[in-house]
Every structure is written in C-alpha cells, then in structure tokens.
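> Okay, handing you the structure first.
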Amino acid sequence: MVVIQVQLQPHPSKFNGYSKHPFVYNIQKPKKLYLQPKAMSSRTQRIMESISVGGEVGGAGGAYSYEALKRLDNLWSSICSAQTVQEPRQVVTNTPGLFSQSDMANKEVDKFDVLVCGGTLGIFVATALSLKGLRVGVVERNLLKGREQEWNISRKELLELVEVGVLTEDDIEQATTSVFNPNRCGFESKGEIWVSNILNLGVSPAKLIDIVRERFTSLGGVIFEGCSVSSINVYQDIAVLQLMEGKILSACLIIDAMGNFSPVLKQIRGNRKPDGVCLVVGSCCRGFKENFKSDVIFSSAEVKPVGNSEAQYFWEAFPAGSGPLDRTTYMFTYVDPQPNSPKLEELLEDYWDLMPKYQEVSLDDLEILRVIYGIFPTFRDSPLPAAFNRILQFGDASGIQSPVSFGGFGSLTRHLGRISNGIHEAISGNLLDADNLSLLNPYMPNLSASWLFQRAMSARKQAGVPPDFINDLLYANFQSMQRLGDPVLRPFLQDVIQFGPLVKTLGLVMLTKPQILPSIFKQVGFPVLIDWLGHFSLLGSYTFLSIYIDPLIRPLIDTFSTEEKYKWKRQLEAWKYGAGLDYKFNHEDITKR
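Going by my numbering, the sequence shown opens with residue 3, and the numbers climb by one from there.
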C-alpha cells in the first residue's frame, strides 16, 4: 500500500485577515514512501488459526498449528530445492581410546545399558528391553506423551505387542477408542472391494503411550523429558551422549528413534534426496451422520494438476473415537522431491474443496477439530544398515516401514519382538560393532519390491500414460487379489509382500488385462523395472531359504559360538521377515474384531 502525505494549511491569499479559501488540499511530494503489501491469508491459514490447539508432542503428526505447518513446508522446500544445501551437523564422532580413561569420565551423570533417543515410538522398544532386565533410559525433546489424533490399526497387529510383553489385552481395550467395519477399497467408480478387520481400530496414542510409559518406569526405566541430543561420542568401550541441557549420559548402545528427520540420520544420509515421498494432509471433523465404515484406500478422481506438477490423490477415512459424529479423513499422494513439487498448504487448499465431495457433506456443516499433515520420505536402500559402532536406527529412522505406507507404528508391531531379542543378544555378547548391528536392520526383498508400487502410484508429467492409468492399474490388482481370496489380499493390505501371492496376482493381471502392460513400462521406466526384477528374484530365494533351509540349520544353532549363533539367528530372521513369512493368515482374523 502506498501512503501519500496530505497536509491542510492556510492559503496565502487573505481577505480581512482570513483566507478566501480557508483550507485547500496541498498535495506535496511525499517525504516518505511506505510499501506495505499485505498478502491475503489462505483458507488453510484462516481455518487453522481459528482452531484451539494444544502443545506439540513428539512423533509424526504431533503438531497441529499453522506455524508448524509452515515450518514443515519450509523443510519440504529445502528437500526439493535444486540448490546445494548446507552440510548436515556432525552429531556423531568416533573417538579413539576408552571413555573410562578420558577427561570426560568424571563428568558422566548416569550409565545405562541402552539409551533410546526419541520417545514416541522409542518407549515401546525401551519397555521391551527393560522387560529383559536391561537398564534403559529414554531421551525425549518434548513431553513424552502421545498425540490426540488416533492411530488406525488392526487387533491382529496390536496382539504382537502383547506377545512381546509391552501390552496386555486389557491395555488394548483401554486404549481402543473406536471399532468399525466394513472397510472399503475403491478406485474412481470402477468398483469397490470390501474387507473386514483391516485398520479397523482407532487407538489413542495418548492412552497407549501413557500405559507403556507407566510400565517402563515401573521396571526401573528413566525418562529425560525436554532434553535434546547435542552430540554422541563413540568410544571403544561405550557411547557417550551429551544433551543440549548439559547432562552427559553413557550407554553400551544408543538407539536412534528420532524419526525421519533425526539429526543422526541426516549425518548418515548427507544431502541425498529421498527417492520418494508420501505427502499427507487431513482433518478430524465433527458432523458426519453416516459414520460406521472406513476407507482403507480410495481414489475419487484421476491425476490432476497441482501448481506446476501433477498428483494422484488417494484417501483414507475412519470414524474417530472422540464422538459418534467425528470422522478423520486423510488425503495423500506420492511424489518425487523436485523443485516444482506441491507444498502441504497447496494440498490442503485442494483438500477443503475435495473432501466434502468425497464424503458427500458440506464443509459449512462440519466443525473442524484439528488439521493433520505430514511428509514421509523413503529411500531405496532401506532398511538402513548401522553406520557407527554402538548406534542403531529404529522405527521410522531405520526405514523399516513400507514405502507405500505413512507412519511407522504398524511396522513397529511387526518387528519389535525380532529387534528387541536381537538387541538383547548383541549387548549380552558385546556384539555392538556396526557390522553386527546392521544384521538387525537387514536387506529385505519384500520391502524393496514395494518400490515398484510407490513408483506406479506416483503421477509423472512426462510418463505419457492416460490420466486414469493409476486407478486402472490399482483396480486391476485389487480385483485380481479379491478373486484369489483373503490369503492374497489381506497381507497386501497390511503392507506385507509375499512371493506366492505376488506371483499369482501379477499373473492374473497379465491374463485379464494385458493391454495395461505398455503403460506400466512407461509409468515406472525400464531401469526401475529391471531393478525390481532383481528384488523379485531374491524374494523368491528368501522364501525358499526360509521354508526349506531354515529347518535344517535351526537345530544346529545352539552348537555354534556366541557370535556365530547371533549371526545365524539374524540371518534366519532376515529370510523369514524378508519373505513376509512372519505374517500368518488366520480365518479368525476376518471374523474377530
């Protein structure tokens, strides 16, 4: 806005002492020029600033404010930027010699077997290790509590935490806020597939983490809240953690559970861009009258332009536990991190238009309780091998989750027993070098094979395929899996890829819809397809090794040395989990809630 100074002053021509024109506007050249542009606030900003939000908590989706959205969008822009960004801060240093003989030894505050950095998912592994008799500490930069927004999961997955001992079945009942069936998969009016007991529980992270936290402290665990990691020095005999607040802690092993943007992870990966990213926006609103079903995956339209790029939007929707009319809807898309990639705020602007059409409601009839958003980067070389002695990545930081999922709680339930047992054995046998720790995050061909699905679900301007190709492909796959039955469909819906079901599905798609094959080649590209065939072959090999070779080796393991026993146990687990054979189909899973 340009401000012009206007002065009122007496006119010099006077009559009987008075001006003939008492006051005239004398427009002078302005002495100062104020440029005060004021941008119109976006609909997203107006909505978010009208909602009362609590303080931030740790973990993905733990912040709901507009300021936090802008911070995340700025981070996303820096990831997408073509310019070279500043080198990451060096958090971890390898220090020769023994800590016990160093100058810092007398400054040590407390010593642990294990220190877990990042408490939202870290509290689960911390509790599992405490149950094994280890002394464990948890470092969390915020208050250690769960977010308001529910996690959606199946009972079958939660029962895996019961097997580890972290939860009881009563705990599950206490933390469960909503139960709903049936669950829909649908693609742009091409057809719908209905399943039961898939992501059909709403679980309160606040209640769940409070339960696990109480169990952890009752076992002697120590929590350092409001503390941030400053540096980690790895000595020959121990790892030393210095906090921003000045405390110095030491442990045999430090577990990095600080998520996708862990400072340790940034140091390991450097400035490398993610190979793919899932962008997620959504909200929890009150005012849905039809609110007893869920959408596991739904697409209501074909690829559409978003800014200077294109996106294929997918939806999830779940009844929320905060009230009978409350419903959570997520809109997500898969993108490559490029300078023209859409921002989260741009997606939210689309979301406010598209969500009411998708749910057949008016936005004016809804009370928006909170707005949800997140970015989930993924890398092809996941899971991440240990890069340092005495430091292990866990949860989202390790990349153990499927590249087509967002959020790592489901993968945590699958792998917690395996990883906690392995950590206990590594500490007991003093096998804490990077090579031995890497066996806890091994190559898994079923995870690598999932990359083809993320690539196929990402819109690409130059691919030269019809705008409805992605929906066509997904519906053809889901239709084939439905025809092949629950033993094929259900593992896939829970992010488990198995060789037999995958072969059957791809074979049926090629037989029933061969005309789609040329578009697949265009969409994913031959280099990606060739790379995927390698992982597909290894998926078959791991399946064979786990089914036929594992039973021959397992009886001999107890005769091996401590280190060989540790290595062979990890190898057998890699075959089993890498082939998806840890997932056991049970008909009761369909009928029980």
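Virtual Cβ for every residue (Gly too), placed ideally from N, Cα, C.
With a threshold of 8 Å, are at least 3 pairs of Cβ atoms found where one atom belongs to the region 231–244 and the other to the region 371–383?
In short, these stretches do not touch, since the Cβ pair count stays below three.
> Thinking just about the alpha-carbon of each residue, which of 444, 296, 122 is nearest to the one in residue 180?
The shortest C-alpha separation from residue 180 is found at 296.
> According to DSSP, is residue 145 part of a helix, a strand, or is it coil?
Looking at residue 145 - three-state DSSP - the assignment turns out to be coil, as it is neither helix nor strand.
> Considering residue 474, what are the terminal residues of the alpha helix (DSSP H) in which it resides?
Here the alpha helix (DSSP H) through residue 474 covers 471–486.
> Check whether the Cβ atoms of residue 195 and residue 480 lie closer than 8 Å to each other.
Yes, Cβ-Cβ distance for residue 195 and residue 480 is below 8 Å.
> Would you mind sorting residue 537 into buried or exposed? The rule is 16 or more other CB atoms within 10 Å of its CB.
The residue is buried, with at least 16 neighbouring Cβ atoms inside 10 Å.
> Residue 410 and residue 166: beta carbons closer than 8 Å?
Cβ atoms of residue 410 and residue 166: not closer than 8 Å.
> Is residue 577 near residue 544, with beta carbons less than 8 Å apart?
The answer is yes: Cβ separation under 8 Å.
> For the region 240–283, which segments carrying the alpha helix (DSSP H) assignment without a break, of at least 4 residues, lie completely within its bounds, in sequence order?
Those alpha helix (DSSP H) runs which fall completely within the region 240–283 and span 4+ residues are 265–271.
> What are the partner residues of residue 321, as DSSP defines its beta bridges?
The partner list for residue 321 (beta bridge, DSSP) reads 329.
> Where does residue 307 land, buried or exposed, given buried means 16+ other C-beta within 10 angstroms?
By the 10 Å Cβ count, residue 307 comes out exposed.
> When burial is assigned at 16 or more other CB atoms within 10 Å of the CB, is residue 73 buried or exposed?
Residue 73 should be labelled exposed.
> Ends of the alpha helix (DSSP H) at residue 455?
Counting along the chain, the alpha helix (DSSP H) containing residue 455 begins and ends at 453–458.
> Under a Cβ-count criterion, where at least 16 other Cβ atoms within 10 Å of its own Cβ denotes burial, should residue 225 be classed as buried or exposed?
Label assigned to residue 225: buried.
> Ignore the nearest five residues each way along the sequence and tell me which others in residue 498's own chain have a CB closer than 6 Å to its CB.
Answer for residue 498: 582, 585, listed in chain order.
> Less than 7 Å between C-beta atoms, sequence neighbours within five positions excluded: which residues of the same chain meet that for residue 19?
Low per-residue confidence applies at residue 19: pLDDT is 38, beneath 50, and the placement is therefore not dependable enough to give any value.
> Helix, strand or coil for residue 225? Go by DSSP, reduced to three states.
Correct three-state label for residue 225: strand.
> Could you tell me which of 384, 327, 346, 103 sits nearest to residue 66, measuring between CA atoms?
Residue 66 has its Cα closest to that of 346, out of 384, 327, 346, 103.
> My guess is that residue 580 and residue 444 are in contact by the Cβ rule of under 8 Å, so how many angstroms apart are they, rounded?
Sure, about 7 Å apart at Cβ, within 8 Å.
> Between residue 547 and the rest of its own chain, which residues show a CB-CB distance below 6 Å, the 5 nearest in sequence each way excluded?
The residues are 577.
> Does residue 423 come out as helix, strand or coil in the three-state DSSP assignment?
Helix.
> For the beta strand (DSSP E) holding residue 564, just list the boundary residues, first then last.
From DSSP, residue 564 is part of no beta strand (DSSP E) but of the alpha helix (DSSP H) over 564–580.
> Which term fits residue 508, buried or exposed, when burial requires 16 or more other beta carbons within 10 angstroms of its beta carbon?
Residue 508 should be labelled exposed.
> Taking residue 428 and residue 439 to be in contact with their CB atoms under 8 Å, please state how far apart those CB atoms are, rounded to whole angstroms.
Their Cβ separation, rounded to whole angstroms, is 7 Å, which keeps residue 428 and residue 439 in contact under 8 Å.
> With three or more C-beta pairs closer than 8 Å as the rule, is the region 139–157 touching the region 197–216?
They touch, by the three-pair rule.
> Would you say the region 276–290 touches the region 325–340, given that touching needs at least three Cβ pairs under 8 Å?
Yes: at least three Cβ pairs fall under 8 Å.
> Can you check whether the CB of residue 50 is closer than 8 Å to the CB of residue 68?
Going by C-beta atoms, residue 68 is nearer than 8 Å to residue 50.
> So which of 91, 233, 343, 432 has the shortest CA-CA distance to residue 463?
Of the candidates 91, 233, 343, 432, the one whose C-alpha sits nearest the C-alpha of residue 463 is 343.
> Would you tell me roughly how many angstroms separate the C-alpha atoms of residue 77 and residue 129, rounded to the nearest one?
Answer to the nearest angstrom: the Cα atoms are 32 Å apart.
> So residue 90 and residue 268 are in contact, right, with Cβ under 8 Å, and what is the actual spacing, rounded?
Correct: roughly 4 Å between the Cβ atoms.
> Where are the alpha helix (DSSP H) runs, 4 residues long or more, that stay fully inside the region 64–129, in chain order?
DSSP runs (the alpha helix (DSSP H)) wholly in the region 64–129: 68–82.
> Quickly, what does DSSP pair residue 503 with across the bridge? List them, please.
According to DSSP, residue 503 bridges with nothing at all.
> Looking only at DSSP bridge pairs, what is residue 313 linked to?
Partner(s): 306.
> What are the residues that DSSP puts in a beta bridge with residue 297?
Answer is 186, 319.
> Thinking just about the alpha-carbon of each residue, which of 356, 108, 492 is nearest to the one in residue 158?
Nearest C-alpha to residue 158: 492.
> Among 293, 298, 354, which residue has its Cα nearest to the Cα of residue 328?
Selected option, being the one with the closest Cα: 293.
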